[in-house]
Amino acid sequence: MSRADRAEELPAPVADRELIAALRADLDAARFTNERIAQLLSADALAALDRDQFLPAELELSELLAAEPVPDPCAVLAQLWLLGHPIPAGQLQAALPQVGVQGLRRLNLVHQVSGEPERGERYRPSVDLQPYHAEQAKGLTDLWVLSDLPAAQRQDALHPEHVLGIGGASLTLAASIHRAPVARALEIGTGCGIQLMHLLDHAEHVVATDLSPRALAFTEFNLGLNAPALDLDPEDLGARVELLQGSLLEPVAGRRFDLIVSNPPFVITPRPADEQEQARYTYRDGGRAGDELMAELISGLPEHLSDSGTAQLLGNWEIQDQDAWDARPRLWCDQLPAEVDAWFIQRDRQDGAEYAETWLRDAATERDEVRYRQRYSEYLQDFASRGVEAVGFGMIWMRRRPSAEAAALPSWRRFEEITGPVEQPLGPVLGAMVSRADAVARDPQAVLGRALVVAPDVTEERHQRFGAEHPEVIIARQGAGLRRTRTTSSSGAGFMGASDGECTAAQLITAVCSLTEADEETLAVEILDLYVEGFLQT
Numbered sequence: 046m047s048r049a050d051r052a053e054e055l056p057a058p059v060a061d062r063e064l065i066a067a068l069r070a071d072l073d074a075a076r077f078t079n080e081r082i083a084q085l086l087s088a089d090a091l092a093a094l095d096r097d098q099f100l101p102a103e104l105e106l107s108e109l110l111a112a113e114p115v116p117d118p119c120a121v122l123a124q125l126w127l128l129g130h131p132i133p134a135g136q137l138q139a140a141l142p143q144v145g146v147q148g149l150r151r152l153n154l155v156h157q158v159s160g161e162p163e164r165g166e167r168y169r170p171s172v173d174l175q176p177y178h179a180e181q182a183k184g185l186t187d188l189w190v191l192s193d194l195p196a197a198q199r200q201d202a203l204h205p206e207h208v209l210g211i212g213g214a215s216l217t218l219a220a221s222i223h224r225a226p227v228a229r230a231l232e233i234g235t236g237c238g239i240q241l242m243h244l245l246d247h248a249e250h251v252v253a254t255d256l257s258p259r260a261l262a263f264t265e266f267n268l269g270l271n272a273p274a275l276d277l278d279p280e281d282l283g284a285r286v287e288l289l290q291g292s293l294l295e296p297v298a299g300r301r302f303d304l305i306v307s308n309p310p311f312v313i314t315p316r317p318a319d320e321q322e323q324a325r326y327t328y329r330d331g332g333r334a335g336d337e338l339m340a341e342l343i344s345g346l347p348e349h350l351s352d353s354g355t356a357q358l359l360g361n362w363e364i365q366d367q368d369a370w371d372a373r374p375r376l377w378c379d380q381l382p383a384e385v386d387a388w389f390i391q392r393d394r395q396d397g398a399e400y401a402e403t404w405l406r407d408a409a410t411e412r413d414e415v416r417y418r419q420r421y422s423e424y425l426q427d428f429a430s431r432g433v434e435a436v437g438f439g440m441i442w443m444r445r446r447p448s449a450e451a452a453a454l455p456s457w458r459r460f461e462e463i464t465g466p467v468e469q470p471l472g473p474v475l476g477a478m479v480s481r482a483d484a485v486a487r488d489p490q491a492v493l494g495r496a497l498v499v500a501p502d503v504t505e506e507r508h509q510r511f512g513a514e515h516p517e518v519i520i521a522r523q524g525a526g527l528r529r530t531r532t533t534s535s536s537g538a539g540f541m542g543a544s545d546g547e548c549t550a551a552q553l554i555t556a557v558c559s560l561t562e563a564d565e566e567t568l569a570v571e572i573l574d575l576y577v578e579g580f581l582q583t
């Protein structure tokens, strides 16, 4: 069975401009937004929804609708799309009067409940439609995101052609992008188009690719539905957006971009001898063995970056027995051109069993016990056969420097593990750190010639035994951004304690070393590192 044949088994939204415009007007009139839903439901019910527990919201909405002579349209739509409940035709028509029930059916958004004539004409959602509060340059904007029904609203496992909606990974990536204005942007593996919609806020033109034609259909629908908020002409989406079907970078051969963003299908999946392609989950499985898809993507990105162009993506990498977590990322970076900078941040690490459980749950495979045990065993056998101890997950930033600058400065390659909580959005934090690293690389003495002060979110911790004269460990801790902690030398702590903005860093280094007999060059290196990481600022 081909991918197109598989896609025909599921409804895809129909991009009818007039009906989509009517739906948009109805959603606006119903105030189907996160803000309004938060007014209808208690904090406990909202928290339960985040855990895929629907009963608290179900009880509250049922009580609310029963008490109103005219049902609140937002409450009706919340029952339909947040809970997946069947809605009487009359209520649905009243909640969305312009598009109407028949319009929803023509768009493939709902289907009639069969087999219960005694309960009247009722409709269930065929797809998921969620309100989304997006942060844009002009402020917070209300959008709607159409995708396939999540596992929590289905009775069976996900279909291989499933189109994922708003999830933790997509939100993490969106909050981690440095939102500088660019002319040309690319999203690889657009899915339902969440990253694309964010890119349109600061990119003049965006190309979005996906292997799945169904995913591109959802993306086109979402662009039309949110066209006014995204500054798009619904009659001419192609003026700013290009949707291309194909794998990874294949559809954009020979083209370069100022920014590339991707939440690629990086999930490591066993490749048994009897594997059938039609069983692969297109949204997460790129069909390669191990982490080869990530290796392929990392190696291919540089030729699609313009001078000073950047790429930001999420990914997995295998950790072999006894290897450091960054062995695979370092191997990939060793094969990159000298003009390419790279920064890997490992945010999580799972052993083979944990990893298998995570992705089997993701597809609701546990609903078929025989299939679950089979796939779980295949994961464990695959990892054992290749000596894989664990899998790392994290964020990747890359940049292609202009040739002249690349010849003058060494490549900037950074690998760090930060597994604790961070403060989102990280995009501005990552962008600011890169700027500081650039300043140090170009002219470290110029940085040391400025007055540096401790960032306002940074605190000091000292650890020592009772009765000890001096601390054994001094730690600087960030309370914002990446929330790093790092051990400092006693002279480094002395520098930070005396950094009141009155003296330049170079002057203060000399003064501290004269008192502590520390080496000035060594302390200067430490201070520059603290500056790059944001513990110190100008």
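The sequence shown maps to residues 46 to 583 in the numbering used here.
Glycine included, C-beta positions come from ideal geometry on N, C-alpha and C.
Values in this document were obtained by computation on a predicted structure and should not be read as measured data.
- Secondary structure note for A340: it is in no beta strand (DSSP E), and the uninterrupted alpha helix (DSSP H) holding it is 337-345.
- In this structure, L241 lies away from S307, with their beta-carbon atoms at least 8 Å apart.
- Between A486 and L527, the gap from beta carbon to beta carbon reaches 8 Å or more.
- P170 has V155 as its beta-bridge partners, per DSSP.
- Rounded to whole angstroms, the separation of the alpha carbons of L270 and L68 is 8 Å.
- The beta-bridge partner set that DSSP reports for S307 consists of I233, L358.
- DSSP, read as helix, strand or coil, puts E517 in coil.
- No Cβ-Cβ contact shorter than 8 Å links L497 with Q552.
- Positions of the alpha helix (DSSP H) runs, each at least 4 residues long and wholly inside the segment 455-480, cannot be given because no such run exists.
- One alpha carbon belongs to A513, the other to S559, and they sit about 24 Å apart.
- With fewer than 16 other beta carbons inside 10 angstroms of its own, Q323 counts as exposed.
- Using a 10 angstroms sphere on the CB of F77, the tally of other CB atoms reaches 16 or more, which defines it as buried.
- Exclusion of the five residues before and after A491 leaves A484 as the residues of its chain whose Cβ lies within less than 8 Å of its Cβ.
- With fewer than three CB-CB distances shorter than 8 Å, the segment 335-349 does not count as touching the segment 413-426.
- Annotated three-state conformation of V208 is coil, per DSSP.
- Per the Cβ contact rule, the segment 288-301 is not in contact with the segment 86-96 (fewer than 3 Cβ pairs under 8 Å).
- With 16 or more other CB atoms across the displayed protein chains lying within 10 angstroms of its CB, L122 is buried.
- A contact between stretches requires three or more CB pairs, one per stretch, nearer than 8 Å, and the segment 228-244 fails this requirement with the segment 439-448.
- Apart from the 5 residues on each side of it in sequence, E461 sits with its Cβ closer than 7 Å to the Cβ of I390 in its chain, given in chain order.
- Under the 10 Å beta carbon count, Q426 is surrounded by fewer than 16 other beta carbons and is classified as exposed.
- Straight through space, the alpha carbons of W404 and I520 are spaced by roughly 37 Å.
- Check the Cα spacing between D281 and each of L268, A74, C119, L149: the tightest is with L268.
- Considering only W377, I364, Y424, the residue with the shortest C-alpha distance to A398 is Y424.
- Collapsing the DSSP output to three states places E506 in a strand.
- Counting other Cβ atoms within 10 Å of its Cβ, D173 reaches 16 or more and is therefore classed as buried.
- CA-to-CA, the gap between Q84 and L104 works out to about 15 Å.
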